[in-house]
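Shown next, in structure tokens, is the structure this report addresses.
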Amino acid sequence: MKIILAQQVKFADGGFYNWTQNYDCDITPIVGAEVWDPIWKNPDEYKITGFSINFSENTYSVGLEPFNGVYQNEKREDLARMAKSHGWKPSWE
400 MKIILAQQVK
410 FADGGFYNWT
420 QNYDCDITPI
430 VGAEVWDPIW
440 KNPDEYKITG
450 FSINFSENTY
460 SVGLEPFNGV
470 YQNEKREDLA
480 RMAKSHGWKP
490 SWE
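Residue numbers (my numbering): 400 to 492.
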């Protein structure tokens, strides 16, 4: 099944946005399991907070703990470039 990871990113204007990453995987997500990805440095893993299954699309939508930090609005494009370089898609673009 395809796994769609989603994580919230907070900006200084108070807005919350998501970035997502798709993986093909045969493992069923488990709430509380830790996920590692090279986009994160410290901490270098985030816990799964929940997931849903869409059998008709053969996908798991997986929520992760919010990304640490609050980012200045003027850094939005820099953060988007960094996310895309790691295979994530920022929702604010």
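C-beta atoms are modelled at their ideal positions from N, C-alpha and C, and glycine is treated no differently.
In this structure, does DSSP put residue i in helix, strand or coil?
i    : result
D436 : coil
A482 : helix
Would you report the Cα separation of residue i and residue j, rounded to the nearest angstrom?
i    : j    : result
V430 : N472 : 31 Å
N421 : K401 : 7 Å
V461 : W418 : 12 Å
D436 : E464 : 13 Å
Report the option in the options whose CA atom is closest to the CA atom of residue i.
i    : options                : result
V378 : N441, Y445, I426, T427 : With the chain covering only 400 through 492, there is no way to say anything about residue 378.
K416 : G486, D425, V469       : The sequence shown places Tyr at residue 416, not Lys. Answer by Cα proximity: V469.
E456 : D423, L463, S490, R480 : D423
Q406 : W439, N453, D477, K474 : W439
Could you give the residue range of the beta strand (DSSP E) that holds residue i?
i    : result
I402 : 401-410
D423 : 415-423
G462 : 458-463
Would you check whether the ligand ZN has a heavy atom nearer than 6 Å to the C-beta of residue i?
i    : result
Q407 : The ligand ZN is not part of this structure, which contains no ligands at all.
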